[in-house]
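Presented below is the structure to which this report refers.
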Amino acid sequence: MEQVVTSSVEVGASGAEQPQGDQPGDRSLRLVRCAVLGLVATTSIVVGALLGGRAFENHLPGAWYFGMQGGLFGSLGSDASQPPIYAVAAVYGGLILLTRVWFGFLLQLSRPHRVPVKKVVFVVAIWAIPLLLAPPLFSKDVYSYAGQGEMVSHHIDPYTYGTGILGSTPFSSLSDAVWTNTPSPYGPTFLTIDGALDDVTGHQILPDIVLLRLLELAGLALMVGALPTLARAVGRDPAQAVLFGAGCPLVLTTLLSGAHNDALMVGLLVAGLAVALRVGTVPGILLCAVAAGVKAPAGLGVLFLGWAWAGPGASIRRRVAHTAAAGVIAVSTLEIVAKVSGLGWGWLHTTTAANHSFTGITPIGGLSRAASDLAGLVNVHFSALGARTVLGDISLACATGIGIWLLLRSDELGVTRSLGLTLLVVALLNPILWAWYATWGVVVLAPVATGRLRTVVLFVSTFEVFAGVSSIRGIFDTLLGAGVLPVLILVAVVLFMAIVPLGPFERSRRTRITAPPVPGRLMAGLGT
């Protein structure tokens with residue numbers, strides 16, 4: 002039977018301090034319990050999302066192999082715009098449980114005895130099984146990817162037309178309405194692969210969706226392969242880095258379950274950083290350029306690697322020259338992709354194509370609405386969208402200034418830390434903030450975040466998990482119309498999932514943990 006872990010420690014044969022009772026059998030039992038609890042959590046999320054219908058997933062006929070209207074086993078969920086209260090309880094209760102299990106696992110990995118990376122990957126893979134089997138959750142973007150892939154495979158310019166040009170087909174009807182007449186904002190790397198996958202499936206949308214999800218799973222595999230290298234470079238536990246980045250609930254519920262192409266972008270980006278560290282700067286720049294061909298923010302990786310390429314202590318002139326050379330390499334790489342694919346550079350004009358919509362809870366969106374409402378009180382009328390245009394320009398200018406400051410200090414802070422912070426700031430200060438945008442910085446910072454920065458990353462990733470699940474307004478409307486008793490039941494379920502003891506995780510918090518020292522700075526001498 003597992004012993005209670007206290008703050009007392011004993012010195013093992015190796016001389017390292019070990020918590021009393023922390024035997025190999027106990028560690029294996031904790032891993033099994035962690036895997037099972039996480040599996041229960043993700044199963045609850047999937048079941049709740051299916052029962053919640055179109056509030057959590059695309060509930061149109063033909064949107065998945067089961068659970069949709071007219072599909073296999075029939076419709077499992079409500080077709081109402083607001084989800085039933087029991088579906089909300091299952092989704093949010095599962096999210097709370099998954100977040101607690103994840104955080105408890107992080108605490109377990111903070112112990113002196115390190116857990117192998119492969120065991121962490123195995124546990125996270127167990128958590129991911131229900132999410133892989135379920136339909137795309139919390140976003141319809143993957144259906145728009147499929148539509149854009151169909152356009153590319155038929156040589157229709159995705160930078161000129163929206164998916165509506167495909168006519169009355171599942172490739173246009175299942176995607177979000179915003180993409181009907183909106184050109185694609187994605188780069189030639191992604192759209193080339195997207196079109197090829199559509200050809201492979203014989204232009205069938207559901208097999209295409211499956212392959213697109215597997216493509217994003219490949220992006221997660223790149224993260225799992227790269228994060229340990231970045232962690233070891235700064236003396237941190239590679240298993241913690243993998244769990245903190247690739248295994249966090251935000252990544253699982255948005256990049257994997259939602260099949261967002263940010264997974265491929267971030268995977269290629271961190272792979273570029275790891276390759277620059279272990280092989281050389283030029284191969285790293287090439288990978289970051291390919292990542293920028295998925296989504297533009299990855300181009301910041303080229304900038305930071307180019308700046309560090311000159312080596313520690315280099316003059317500004319030398320750094321600028323190396324950064325310019327990195328830019329030439331990146332542009333040449335993207336030109337080759339653009340030529341081979343035939344897609345050209347039209348994506349540079351469409352990267353902000355969907356910026357006319359508002360998203361959930363965003364700093365700029367919230368301030369814009371507040372400014373519009375306050376102005377109305379004094380009989381000054383302007384739209385929240387107009388206010389957001391002005392505030393968005395200001396916020397992006399601030400993000401640019403912060404990014405430049407971090408670039409100038411990257412020799413001191415490290416390339417990975419500076420780049421991750423810049424990506425996080427760009428996402429948070431973007432006029433449009435979807436939950437998966439936060440993964441840009443969260444994953445890159447995972448192997449290097451310590452102290453207060455680690456706390457900030459934990460907060461951002463956890464907040465965005467709950468904010469990104471569904472329309473906050475829709476959930477609020479559900480609560481208003483549910484009645485007192487169902488709301489009390491929901492509150493009871495949420496409180497229960499928040500406070501129920503989870504066995505060894507609670508006891509592990511009483512263990513005194515001393516973080517290992519961080520030797521050196523990541524990639525300080527990259528150019529040497």
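Plus 1 on top of the position in the sequence shown (first one is 1) and you've got the numbering used here.
Where a beta carbon is used, it is the ideal one built from N, C-alpha and C, also for glycine.
All of these numbers come straight from a predicted model, not from anything done at the bench.
What is the DSSP secondary structure of residue i, reduced to helix, strand or coil?
{"i": "Phe139", "result": "coil"}
{"i": "Gly68", "result": "strand"}
{"i": "His350", "result": "helix"}
{"i": "His155", "result": "coil"}
{"i": "Leu38", "result": "helix"}
{"i": "Ala325", "result": "helix"}
{"i": "Leu73", "result": "Confidence at Leu73 is low in this model, with a pLDDT of 45, below 50, so the placement of that residue is unreliable and no value is reported for it."}
{"i": "Thr417", "result": "helix"}
{"i": "Gly148", "result": "helix"}
{"i": "Gly22", "result": "Residue confidence for Gly22 is low, a pLDDT of 47 falling below 50, so the modelled location carries little weight; the figure read from the coordinates is stated next. Of the three classes helix, strand and coil, the one that applies to Gly22 here is coil, per DSSP."}
{"i": "Cys399", "result": "helix"}
{"i": "Lys120", "result": "helix"}
{"i": "Thr49", "result": "Strictly speaking, residue 49 in this sequence is Gly, with Thr absent from that position. Of the three classes helix, strand and coil, the one that applies to Gly49 here is helix, per DSSP."}
{"i": "Pro250", "result": "helix"}
{"i": "Asp177", "result": "coil"}
{"i": "Gly343", "result": "coil"}
{"i": "Leu408", "result": "helix"}
{"i": "Ala260", "result": "coil"}
{"i": "Ser316", "result": "coil"}
{"i": "Arg115", "result": "coil"}
{"i": "Val125", "result": "helix"}
{"i": "Leu424", "result": "helix"}
{"i": "Val449", "result": "coil"}
{"i": "Val5", "result": "At Val5 the pLDDT is 32, less than 50, meaning the model places this residue with poor confidence; the figure from the coordinates comes in the next sentence. Reduced to three states, the DSSP call for Val5 is coil."}
{"i": "Leu368", "result": "helix"}
Cβ of residue i within 8 Å of Cβ of residue j?
{"i": "Thr324", "j": "Val291", "result": "no"}
{"i": "Pro137", "j": "Asn262", "result": "no"}
{"i": "Leu274", "j": "Gly294", "result": "no"}
{"i": "Ile286", "j": "Leu269", "result": "no"}
{"i": "Thr456", "j": "Val252", "result": "no"}
{"i": "Leu1", "j": "Val458", "result": "Nothing about residue 1 can be reported from this structure: the residues present for the chain run from 2 to 529 only."}
{"i": "Pro298", "j": "Leu424", "result": "yes"}
{"i": "Ala42", "j": "Leu110", "result": "no"}
{"i": "Tyr146", "j": "Leu175", "result": "no"}
{"i": "Thr181", "j": "Gly168", "result": "no"}
{"i": "Lys141", "j": "Asp177", "result": "yes"}
{"i": "Pro250", "j": "Val466", "result": "yes"}
{"i": "Pro422", "j": "Arg101", "result": "The residue you asked about is not Pro; residue 422 is Leu in the sequence shown. It is not a contact, given that the beta carbons lie outside the stated cut-off."}
{"i": "Ser462", "j": "Val492", "result": "no"}
{"i": "Val416", "j": "Ala326", "result": "no"}
{"i": "Trp103", "j": "Gly259", "result": "no"}
{"i": "Leu133", "j": "Pro159", "result": "no"}
{"i": "Ile46", "j": "Gly95", "result": "yes"}
{"i": "Pro171", "j": "Gly49", "result": "no"}
{"i": "Leu244", "j": "Leu108", "result": "no"}
{"i": "Phe139", "j": "Thr254", "result": "yes"}
With a cut-off of 8 Å on the beta carbons, I'd call residue i and residue j a contact; round off their distance for me.
{"i": "Gly149", "j": "Ser185", "result": "In the sequence on display, residue 149 carries Gln and not Gly. Indeed, because the Cβ distance is near 5 Å, the residues count as touching under 8 Å."}
{"i": "Gly39", "j": "Pro85", "result": "Contact flag wrong, Cβ pair sits at about 25 Å."}
{"i": "Ala264", "j": "Leu221", "result": "6 Å"}
{"i": "Val391", "j": "Tyr93", "result": "The pair is not a contact, with the Cβ atoms about 35 Å apart (cut-off 8 Å)."}
{"i": "Gly246", "j": "Pro448", "result": "7 Å"}
{"i": "Trp348", "j": "Gly196", "result": "14 Å between Cβ atoms; not a contact."}
{"i": "Gly300", "j": "Ala272", "result": "Not confirmed; about 15 Å, so no contact."}
{"i": "Ala400", "j": "Val427", "result": "5 Å"}
{"i": "Ala36", "j": "Val124", "result": "5 Å"}
{"i": "Leu257", "j": "Leu218", "result": "7 Å"}
At what residues does the alpha helix (DSSP H) containing residue i begin and finish?
{"i": "Ile166", "result": "From DSSP, Ile166 is part of no alpha helix (DSSP H); its letter is neither H nor E."}
{"i": "Ile433", "result": "Note, Ile433: premise wrong, no alpha helix (DSSP H); not H, not E."}
{"i": "Tyr93", "result": "Ile86 to Leu110"}
{"i": "Asp200", "result": "Pro189 to Val201"}
{"i": "Gly300", "result": "Gly300 to Trp310"}
{"i": "Glu58", "result": "First-last for Glu58: undefined, no H or E at that position."}
{"i": "Leu215", "result": "Ile206 to Ala234"}
{"i": "Thr456", "result": "Gly452 to Ala468"}
{"i": "Thr282", "result": "Thr282 to Ala293"}
{"i": "Pro62", "result": "Unbroken run through Pro62: none, as it is neither H nor E."}
{"i": "Ala272", "result": "Asp263 to Arg279"}
{"i": "Gly442", "result": "Thr440 to Leu446"}
{"i": "Val495", "result": "Val485 to Ile500"}
{"i": "Leu244", "result": "Pro239 to Gly246"}
{"i": "Pro184", "result": "Run containing Pro184: none; DSSP gives neither H nor E here."}
{"i": "Ser173", "result": "Pro171 to Ser174"}
Residue i: beta carbon under 7 Å from a heavy atom of the ligand MN?
{"i": "Gln83", "result": "Within the structure as shown, the ligand MN is missing, as the structure has no ligands at all."}
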